[in-house]
Amino acid sequence: MSRTQNSIGTWIGWTFFADLANGLALTFGYMFSRSVTMQYPDKEKWLPYSRYRGHHFLKRDEEGEIKCVACELCARICPCYCIEVVPYEDEKGNRRPLKFEIDTARCLFCGLCEDACPADAIALGQQYEFSSFSSRDLVIGRDDLLAKPGKAAMGGGVVAARLDTKKDVLVETSETRGYNWWRNIRRT
Amino acid sequence: MELVVALGLIVFKVALLIAFLLLLPLPLTWVERKIAGHIQQRLGPMRVGWHGLLQPVADGIKLLTKEDHIPAEADHFLFKLAPILALAPPFVVFVAIPFGESVSVLGNEITLYVSNMNVALLFVFAVIGLEVYGVIFGGWAANSKYAVLGSLRTCAQMISYEIPMGFAVIGVVMLAQSMSLLDIVRAQADVWNIVYQPIGFFVFFVAGLAEAQRIPFDLAEAEGDLGAGFHTEYSGIRFAFFMVSEYVIMLLVSVLAVILFFGGWNGVLVPLPPLLWFALKVAFFVYLFMWFRFTFPRYRYDQLMAIGWKVLLPLSMANIIITGIAFS
């Protein structure tokens with residue numbers, strides 16, 4: 001209906017395909033704008049924000065001892081029962097986990113274990129590359145969890161990466177205020 | 001002896017032409033995907049070779065090694081014939097296309113065309129019309145509803161668009177007083193035909209888009225509503241034949257647009273080798289085709305018909321009348 005109310009100028013525009021020309025000009029502009037592609041995993045990868053709930057890790061205290069007191073609260077609160085803790089008494093008489101296994105295949109990354117922990121021993125980090133060919137490899141033991149990288153102070157940015165994703169590289173980003181997804185997009 | 005040399009030269013030229021046309025779609029697919037990527041702010045192929053340059057080779061190997069599948073209920077003879085029918089005519093057309101006047105190699109003048117027909121334009125339009133049989137047979141033989149719908153659309157589209165396309169070039173023929181493509185280019189030595197024939201060029205180009213079945217007129221394959229249109233059931237090397245045919249026709253329409261309306265190998269201002277001028281102009285039109293593809297949406301079927309019969313046909317006829325009155 002709006003067509004009948006158009007002015008003569010619009011009709012002239014239609015005759016000379018002004019709208020088609022506008023579209024072509026727009027795509028031509030976009031063609032020479034920067035692309036927003038992140039070349040993962042060839043060149044760069046996304047480091048999530050520190051609030052991200054990725055792969056679990058166990059913390060150590062100042063003396064290098066494992067912080068976990070094997071209270072099994074995390075195993076209790078876990079909604080999918082994927083944490084298995086077996087306690088033992090070490091030579092100093094402290095209660096420590098002999099076995100601390102997380103089945104990451106079943107884990108839903110809710111972060112409740114982190115909340116429940118009275119000793120601030122377990123947390124969910126920023127690592128997200130742990131796909132595997134076998135579900136058995138996804139059961140992570142105590143020593144592996146201790147070796148996992150902790151939280152980076154900053155996150156939300158693109159860091160250098162390489163194809164070998166099995167290496168745990170943690171690079172601090174300079175992007176303190178997060179990644180501006182619209183940075184490269186032309187706004188007209 | 002002279003006959004043998006002349007014959008050998010023709011065979012050599014034809015072999016060169018075929019090799020060139022068969023290999024050209026490889027870089028063209030890469031260019032098309034790169035243009036698509038950058039228009040959509042992606043990078044396009046990046047992983048195979050430097051900036052994905054070897055991607056077409058990888059695709060070619062993939063297509064060659066894929067299973068050559070023929071549906072059980074398909075018409076086997078037509079199914080196998082269709083890709084060849086679609087591939088051959090665009091190659092045949094290039095026999096009549098001149099790429100330049102001549103170059104001297106070892107003291108001999110070698111012409112840059114296989115044959116200088118006096119009815120080249122007629123030949124081009126006659127042979128290019130045959131390509132549609134490959135599409136129609138392919139769609140029919142596959143015994144799939146998507147493929148049949150695709151080939152039906154192609155059929156109607158070709159009828160609607162070859163008439164305006166043929167009429168659009170009559171103005172050019174009237175200006176050059178010849179149907180030989182060589183004479184047409186020579187007649188444009190001073191002023192290109194686009195100056196006298198803007199309407200003719202517009203009709204020719206739009207009809208050429210439809211002829212090459214490129215967006216916005218790619219209703220035959222319309223991946224949104226027909227799967228892949230007429231080549232839904234094709235796989236492997238037969239599918240590659242259709243793809244090569246599509247690219248060669250795109251090239252052909254670009255070449256024709258350059259020869260008929262943009263002065264062929266006649267340059268302006270910058271003195272470049274004639275062949276380079278020609279290649280640059282053709283490259284521009286090929287880019288235009290790809291640029292269009294990633295800018296415009298597809299026309300609806302009834303819009304396609306309306307544009308063909310209600311806009312392009314009267315425009316092309318008016319162009320003939322105007323040209324006739326103005327240059328008589």
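Protein chains in written order, with full-length UniProt numbering: chain A, 1 to 188; chain B, 1 to 328. A virtual CB, placed ideally from N, CA and C, is assigned to each residue, including glycine.
Bridge partners - residue i, DSSP secondary structure assignment
| i | result |
| --- | --- |
| A/C95 | Per the sequence shown, the amino acid found at residue 95 of chain A is Arg instead of Cys. A/E89. |
| A/D103 | A/V139 |
| A/A123 | A/F57 |
| A/G157 | A/L47 |
| B/I136 | None, per the DSSP bridge assignment. |
| A/I83 | A/I102 |
| A/I66 | A/R60 |
Residue-chain proximity (residue i, chain B), Cβ-Cβ < 8 Å
| i | result |
| --- | --- |
| A/Y40 | no |
| A/T104 | no |
| A/T37 | yes |
| A/T15 | no |
| A/E172 | Note that A/E172 scores a pLDDT of 49, beneath 50, so its modelled location is shaky and nothing firm can be said. |
| A/T10 | no |
| A/G156 | no |
| A/S33 | yes |
| A/L73 | no |
| A/Y52 | no |
| A/L24 | yes |
| A/Y88 | no |
| A/T188 | Residue placement at A/T188 cannot be trusted, given a pLDDT of 48 that sits under 50; what the coordinates show is reported in the next sentence. False, the Cβ-Cβ gap to chain B never drops below 8 Å. |
| A/Y30 | yes |
Beta carbon proximity, residue i to chain A, threshold 8 Å
| i | result |
| --- | --- |
| B/F204 | no |
| B/H38 | yes |
| B/Q41 | yes |
| B/R47 | yes |
| B/I322 | no |
| B/I35 | yes |
Own chain partners of residue i with C-beta closer than 6 Å, once the 5 adjacent residues on each side are dropped
| i | result |
| --- | --- |
| B/G208 | V253 |
| B/L226 | Y146, L149 and G150 |
| B/W119 | Going by the sequence as given, residue 119 of chain B is Val instead of Trp. Hits under 6 Å: M179. |
| B/V127 | P89, V92 and V93 |
| B/L182 | P98 and N116 |
| B/R238 | P83 |
| B/Q213 | A220 |
| B/V124 | V93 and A96 |
Contacting residues, own chain, Cβ-Cβ under 8 Å from residue i (five flanking each side not counted)
| i | result |
| --- | --- |
| A/T188 | Low confidence applies here, because A/T188 scores a pLDDT of 48, under 50, leaving its location unreliable and the question unanswered by this model. |
| B/A257 | F201, F204, F205, G208 and F285 |
| A/P79 | L108, C110 and L112 |
| A/G13 | D19 |
| B/V132 | T154, C155 and M158 |
| B/V185 | P98, I259, G263, G264, W265 and N266 |
| B/L9 | I110 |
| B/G324 | M174 |
| B/L24 | Y247, V248 and L251 |
Neighbourhood of residue i by C-beta, 7 Å cutoff - its chain only, sequence neighbours within 5 removed
| i | result |
| --- | --- |
| B/K281 | V258 and F262 |
| A/A105 | S135 and L138 |
| B/L122 | M179 |
| B/I70 | H76 and F79 |
| B/I163 | L313 |
| A/C71 | P118 |
| residue 370 of chain B | One cannot answer for residue 370 of chain B here, as it falls past the ends of chain B, which runs 1 to 328. |
| B/Q188 | G263, G264 and N266 |
With 7 Å as the C-beta to C-beta threshold (strictly closer), list the residues of the stretch 185 to 218 of chain B near chain A in chain order.
For the stretch 185 to 218 of chain B, which is checked against every Cβ of chain A, not one residue is closer than 7 Å.
Short-range partners of chain A found in the stretch 289 to 311 of chain B, where Cβ spacing is below 8 Å
Of all residues in the stretch 289 to 311 of chain B, the ones placed with a Cβ closer than 8 Å to any Cβ belonging to chain A are W291, F292, F294, T295 and F296, in chain order.
Under 7 Å, CB to CB, which of the residues in the stretch 150 to 179 of chain B have a partner in chain A?
Of all residues in the stretch 150 to 179 of chain B, none comes within less than 7 Å of chain A when Cβ atoms are compared.
Write down every uninterrupted run of the beta strand (DSSP E) in the stretch 92 to 118 of chain B whose length is 3 residues or greater and which is fully enclosed by it, in chain order.
Under the rule that a run must span 3 or more residues, the beta strand (DSSP E) segments found entirely inside the stretch 92 to 118 of chain B read 102 to 105 and 108 to 111.
Alpha helix (DSSP H) segments (min. 4 residues) lying fully within the stretch 40 to 85 of chain B
As far as the stretch 40 to 85 of chain B is concerned, its whole alpha helix (DSSP H) runs of at least 4 residues are 55 to 65.
In chain order, each beta strand (DSSP E) run of at least 3 residues that lies wholly inside the stretch 121 to 197 of chain B
Listed in chain order, the beta strand (DSSP E) elements of length 3 or more contained wholly in the stretch 121 to 197 of chain B amount to none.
Unbroken stretches of the alpha helix (DSSP H), 4 residues or longer, contained in the stretch 208 to 255 of chain B
Whole alpha helix (DSSP H) segments, 4+ residues: 223 to 226.
Write down every uninterrupted run of the alpha helix (DSSP H) in the stretch 17 to 42 of chain A whose length is 4 residues or greater and which is fully enclosed by it, in chain order.
Complete alpha helix (DSSP H) runs here, min 4: 18 to 31.
Inside the stretch 246 to 326 of chain B only - alpha helix (DSSP H) runs reaching at least 4 residues
Runs found: 274 to 293, 301 to 306 and 313 to 326.
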